[in-house]
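Working notes for the structure below.
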Amino acid sequence: MELYDALIIGGGASGLLCAIAAKRKNPLLRVAVIEKNDRVGKKLLSTGNGRCNLTHTAVDSSHYTGSFRRQSQSVLDRFGTAELLAYFRRLGLLTSCDSEGRYYPLCRQASAVLDVLRFNCEAAGAEVFCSQTIRSVKHRERYTVTTADRVFCADKLVVAAGSKASPKLGGSGSAADILKNLGHRFVPFSPALCPVLVQSGLLKGLKGLRAQGKVTLLRDGKAVRAEYGEVQFNEQNLSGICVFNLSLYAHGGDVLALDLLPDISEKELNILLLQNKKTYAALTADNLFTGILQKRMAQAVLKTAGCTDFAKNCAGCTDAELQRAAQTAKSMCFSVTGNEGFDRAQACTGGVYGGEIDEKTMRSKKQKNLWVCGEAVDLCGECGGYNLHFAFASGIIAGENL
Ligand SMILES: Cc1cc2nc3c(=O)[nH]c(=O)nc-3n(C[C@H](O)[C@H](O)[C@H](O)COP(=O)(O)OP(=O)(O)OC[C@H]3O[C@@H](n4cnc5c(N)ncnc54)[C@H](O)[C@@H]3O)c2cc1C
261 MELYDALIIG GGASGLLCAI AAKRKNPLLR VAVIEKNDRV GKKLLSTGNG RCNLTHTAVD
321 SSHYTGSFRR QSQSVLDRFG TAELLAYFRR LGLLTSCDSE GRYYPLCRQA SAVLDVLRFN
381 CEAAGAEVFC SQTIRSVKHR ERYTVTTADR VFCADKLVVA AGSKASPKLG GSGSAADILK
441 NLGHRFVPFS PALCPVLVQS GLLKGLKGLR AQGKVTLLRD GKAVRAEYGE VQFNEQNLSG
501 ICVFNLSLYA HGGDVLALDL LPDISEKELN ILLLQNKKTY AALTADNLFT GILQKRMAQA
561 VLKTAGCTDF AKNCAGCTDA ELQRAAQTAK SMCFSVTGNE GFDRAQACTG GVYGGEIDEK
621 TMRSKKQKNL WVCGEAVDLC GECGGYNLHF AFASGIIAGE NL
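To get our numbering, take the position in the sequence shown, counting from 1, and add 260.
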């Protein structure tokens, strides 16, 4: 049996920061990180396309969803962008910001972030145990974590085991199992920040295209949320950062309405199409959107608007058809059937119920000497560095309060 003061389950973004913060605050604390993979921080290496988008200039609770959302503001007030960057600087990591407000390591390598965390963990004296398959977590006088080949014992336990997103990189449902067994309410994990599956006869023709626009998530005809950016059209789904952000809120039965031309009104577009009808009078109908949309996109818009006869020329299109084409280009609808699942998700909604965690310390309100941080908490952020920011910030807060 191996005796410690604190055990941290999960050697990812939040667990590593938790271990470092705990040891920096109290070097005498005996801390062990228990990781199931053969190395820590595997997911971290894949973040931000291998560059690790670790935070954002504008971090506040409006970029998150989940039952911990209201409380998350307190975490973000204590550990905002400046505080987190200063913390990293003290650990020896230099960062810089891109034109969209996203922060990365200066050398643009996620491995640099992981190396800094690994080396600081080691230098601070936290012990790391990899390839540990947990068999059980029990709490009597103390916490006992039994793995395939070891038994760890400690007064304090931190659950930093993340979510089910990306199982190949370490995603697991362990946090749910452990915390439910310890008496917590747990909102089931659901894939987020992933492509959204849609049903539409148009997708075949659009496959491989990318278009800039405004995407609105509609539920029962009402706008739930809107995002601007590049949409990518695939065989069965829509993707792109703006769609990923909407995947946080989208359910089967919702609709994604794409405005391909958000900078001009439907009326202005209609006038342009009437002008094009004259200019390109002798050309086939799919030239109506010349200078406005890509050809394949124009064909899809015209098809949706009911103008399927591309053999006829522009002059042959009726004004009503042009009006419908303008309407369609301003609101091209795709019915949501679901999302691409945990394998392709960058994060998850769900986690330990927010009301059962004290935001000042990340300590459980239900169970003695238990802390939860990172994605195991019911809080999920948008793309842009928000999830890592919360994982790091909540890990530091938990570690400093052990
Ligand atoms: C491809 C990809 C790209 C991403 N890019 C970004 C980005 O650029 N910016 C951003 O902000 N967010 C990004 N994210 C999300 C971000 O990586 C996570 O939100 C963040 O890592 C969560 O930190 P965490 O510590 O809670 O969980 P993790 O970092 O997942 O760490 C949890 C650790 O616990 C371990 N573990 C799980 N179960 C057990 C168990 N039973 N026993 C022992 N160990 C266990 C796992 O192996 C893992 O190492 C990305 C995610 C993916 C998948």
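By construction, the Cβ of each residue, glycine as well, lies at the ideal position given by its N, Cα and C atoms.
Whole-angstrom distance between residue j and residue i, CA atom to CA atom
i      : j      : result
Arg604 : Gly422 : 16 Å
Ala510 : Ala452 : 9 Å
Lys537 : Ala580 : 12 Å
Leu314 : Leu305 : 11 Å
Ser274 : Leu662 : 14 Å
Gly641 : His323 : 6 Å
Leu562 : Thr568 : 7 Å
Val475 : Glu343 : 34 Å
Val319 : Gly489 : 19 Å
Met592 : Val397 : 51 Å
Thr404 : Gln392 : 14 Å
Gly340 : Ala541 : 58 Å
Arg395 : Asn441 : 13 Å
Gly461 : Ala560 : 9 Å
Ala435 : Phe493 : 34 Å
Leu345 : Leu521 : 38 Å
Asp514 : Gly481 : 9 Å
Ala483 : Cys643 : 20 Å
Asp337 : Cys357 : 20 Å
Gln627 : Phe602 : 29 Å
Thr606 : Thr307 : A small correction: the amino acid at residue 606 is Gln; Thr does not occupy that position in the sequence shown. Straight-line Cα distance between these residues: approximately 9 Å.
Ser499 : Ile294 : 35 Å
Leu533 : Arg485 : 29 Å
Ala651 : Cys633 : 7 Å
Arg470 : Glu495 : 13 Å
Met622 : Lys283 : 17 Å
Ser371 : Arg311 : 8 Å
Ala420 : Pro427 : 15 Å
Ala545 : Lys467 : 22 Å
Gln331 : Lys625 : 14 Å
Gly270 : Leu351 : 20 Å
Gln369 : Gln535 : 51 Å
Leu366 : Thr355 : 4 Å
Arg290 : Gly443 : 26 Å
Local conformation of residue i per DSSP, three classes
i      : result
Arg362 : strand
His444 : coil
Asp523 : coil
Phe594 : strand
Glu487 : strand
Ile552 : coil
Gly352 : coil
Thr568 : coil
Val376 : helix
Glu581 : helix
Pro451 : strand
Gln587 : helix
Asn573 : strand
Ala292 : strand
Ser396 : strand
Sequence-distant residues of its chain with Cβ nearer than 6 Å to residue i (five each side left out)
i      : result
Gln459 : Ser595 and Thr597
Ser430 : In the sequence as displayed, the identity of residue 430 is Gly instead of Ser. Cβ neighbours of Gly430 beyond the five flanking positions: Asn297, Lys302 and Lys303.
Thr325 : Leu508 and Cys640
Ala517 : Thr476, Leu478, Ser591 and Cys593
Contact check, residue i vs residue j, beta carbons under 7 Å
i      : j      : result
Ala636 : Gly611 : yes
Gln583 : Asn530 : yes
Cys577 : Phe449 : no
Leu377 : Leu276 : yes
Gly645 : Cys278 : no
Val456 : Val503 : yes
Asp519 : Gly465 : no
Lys416 : Glu660 : no
Ile280 : Asn380 : yes
Residues bridged to residue i [DSSP beta-bridge criterion]
i      : result
Leu518 : Val475 and Met592
Tyr509 : Note: Tyr509 sits in no beta bridge, so no partner.
Gln459 : Ser595
Leu264 : Residue 264 is actually Tyr in this sequence, not Leu. Note: Tyr264 sits in a beta bridge opposite Ala414.
Lys482 : Arg479
Asn497 : Leu457
Ile438 : BP columns for Ile438 are empty, so no partner.
Asp618 : Arg623
Beta-carbon contacts of residue i that lie in its chain and below 7 Å, excluding the five residues immediately before and after
i      : result
Gly512 : Val596, Thr597 and Gly598
Arg445 : Tyr613 and Glu616
Leu374 : Gly301, Leu304 and Leu305
8 Å CB neighbourhood of residue i in its chain, flanking five on each side removed
i      : result
Val411 : Met261, Glu262, Thr404 and Val405
Ala292 : Glu262, Tyr264, Ala266, Leu267, Ile268, Ala386, Glu387, Val388, Phe389, Phe412 and Ala414
Val335 : Glu619, Met622, Phe650, Ala653, Ser654 and Ile657
Ala565 : Glu581, Arg584, Ala585, Gln587 and Thr588
Cutoff 7 Å: residue i Cβ touching any chain C Cβ
i      : result
Pro427 : Note that chain C does not occur in the displayed structure, where there is just one protein chain.
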